[in-house]
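Heads up: the sequence shown runs through residues 12 to 220, numbered per the numbering used here. Using N, Cα and C, we set each Cβ at its ideal position, and we do this for glycine too. Here the structure is a predicted model, which means the values were calculated and not measured.
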Amino acid sequence: MATTLKAVKREDHKGSATRKLRLNGQVPGIVYGKEKGNTSISLDSLELIKAVRDDGRNAIFKLAVDSGQPLEVMLHDYQMEPIKDELVHVDFYIVDMKEEMDVEVALVLTGEAPGAKTGGVLQQPLYELQVRAKPKNIPEEITVDVSQLEVGDSISVADLPISDKYEITDDPDTTIATVLAPDTIEDVEEAPSENDEPELVDPDAEGKK
12 MATTLKAVKR EDHKGSATRK LRLNGQVPGI VYGKEKGNTS ISLDSLELIK AVRDDGRNAI
72 FKLAVDSGQP LEVMLHDYQM EPIKDELVHV DFYIVDMKEE MDVEVALVLT GEAPGAKTGG
132 VLQQPLYELQ VRAKPKNIPE EITVDVSQLE VGDSISVADL PISDKYEITD DPDTTIATVL
192 APDTIEDVEE APSENDEPEL VDPDAEGKK
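(1) Let's test the definition: count the other Cβ atoms within 10 Å of the Cβ of S53 and tell me whether it reaches 16, buried, or not, exposed.
(2) Taking buried to mean at least 16 other C-beta atoms within 10 Å of its own C-beta, is R64 buried or exposed?
(3) Quick one, which of K45, M112, I166, D113 has its alpha-carbon nearest L120's?
(4) Taking C-alpha atoms, which residue in G40, N35, T185 lies nearest to Q135?
(5) Does DSSP put L32 in a helix, a strand or coil?
(6) Between which two residues does the alpha helix (DSSP H) holding P125 run?
(7) I187 and L137 - do their beta-carbons sit closer together than 7 Å?
(8) Near V142, which residues of its chain fall below 8 Å by C-beta distance, leaving aside the five closest residues on each side in sequence?
(9) In the DSSP output, what is V157 paired with across the bridge?
(10) Would you identify the three-state DSSP class for E58, choosing helix, strand or coil?
(11) Spatial neighbours of E161 within its chain, please: CB distance less than 6 Å, with the 5 preceding and 5 following residues excluded, ordered by chain position.
(12) Quick one: residues in its chain with C-beta nearer than 7 Å to the C-beta of Y104, no 5 flanking neighbours on either side, listed in chain order?
(13) What is the DSSP secondary structure of R64, counted as helix, strand or coil?
(14) Counting along the chain, where does the beta strand (DSSP E) carrying P136 start and finish?
(15) Using only the alpha-carbon positions, how far apart do D55 and I173 sit?
(16) Who are the Cβ neighbours of D77 in its own chain at under 7 Å, not counting the five residues just before and after it?
(17) Take K250 and list the residues in its own chain whose beta-carbon comes closer than 8 Å to its own, dropping the five residues that flank it on each side.
(18) Hey, how far is the Cα of Q37 from the Cα of G26?
(19) How would you write the range of the beta strand (DSSP E) that S167 sits in, first residue to last?
Here's what the structure looks like:
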């Protein structure tokens with residue numbers, strides 16, 4: 012069951028009114044959607060943070076604005092004040108539960124790669140996946156098991172299982188996880204010294220390749 016958030020319409024957009032809202036623990040925001048127009052709102056900052064922490068970044072919320080019918084929304088964007096680390100503005104998007112939408116979903120690696128135990132270095136180049144799904148089918152996160160990865164192995168988007176609930180739209184060749192071989196003593200010894208003279212290359216020989 013979706014968490015209900017209570018909000019009120021915001022009529023005064025002056026800076027002084029906005030500062031007063033924040034001092035009172037409220038966060039200003041806007042709610043909008045296709046053919047729905049824009050409505051300026053404010054709601055309790057701590058209540059919103061708790062709901063997102065409990066339900067997830069891509070959760071569907073019921074947003075009750077004043078005494079109107081609750082709207083099914085997603086948190087589309089937010090702004091933080093970097094110094095105080097405070098929430099200063101939020102954007103909600105009214106969703107159509109029957110229509111697919113594109114969102115970013117967290118990518119989480121699970122398991123322990125054997126290659127990492129033998130000296131390799133596990134790297135995760137990608138931390139979010141682009142997913143297309145109906146709102147109720149959006150996963151909170153997508154997990155990838157790396158417990159079979161040896162040194163030199165990798166997992167790409169194409170290796171992920173196909174779901175009947177959502178589609179991953181990233182390039183299939185995009186690397187998700189890989190175990191790199193560690194630098195060896197031989198590699199270091201064979202690396203050219205900064206004082207070594209550069210090897211001369213015959214331009215004619217290069218053209219014959």
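Per the coordinate set shown:
(1) Under this definition S53 is a buried residue.
(2) Residue environment: R64 is assigned as exposed (fewer than 16 neighbouring CB atoms within 10 Å of its CB, all protein chains considered).
(3) Considering only alpha carbons, the answer is I166.
(4) Among G40, N35, T185, the Cα nearest to that of Q135 is on T185.
(5) Helix.
(6) First-last of the alpha helix (DSSP H) with P125: 125–128.
(7) Yes, Cβ-Cβ distance for L137 and I187 is below 7 Å.
(8) Excluding sequence neighbours, V142 sits near D113, V114, E115, V116, I149, P150, I153, Y177, E178, I179, T180.
(9) V157 is not bridged to any residue.
(10) Secondary structure at E58: helix, using DSSP grouped into helix, strand and coil.
(11) A distance below 6 Å between beta-carbons, with the five flanking residues on each side excluded, links E161 to the following residues of its chain, in chain order: P125, G126.
(12) Only residues of its own chain outside the window of five on either side were considered, and among them Y43, G44, V84, M85, H87 have a CB closer than 7 Å to the CB of Y104, listed in chain order.
(13) Here R64 carries a helix assignment [DSSP, helix/strand/coil].
(14) Unbroken run through P136: none, as it is neither H nor E.
(15) As the crow flies, the alpha-carbon of D55 is around 39 Å from that of I173.
(16) Here D77 has V19, K20 as same chain residues with Cβ atoms under 7 Å from its own Cβ, once five neighbours each way along the sequence are excluded.
(17) This structure cannot speak to residue 250, because the chain is shown only from 12 to 220.
(18) Q37 and G26 have their C-alpha atoms some 14 Å from each other.
(19) Per DSSP, S167 belongs to the beta strand (DSSP E) from 165–167.
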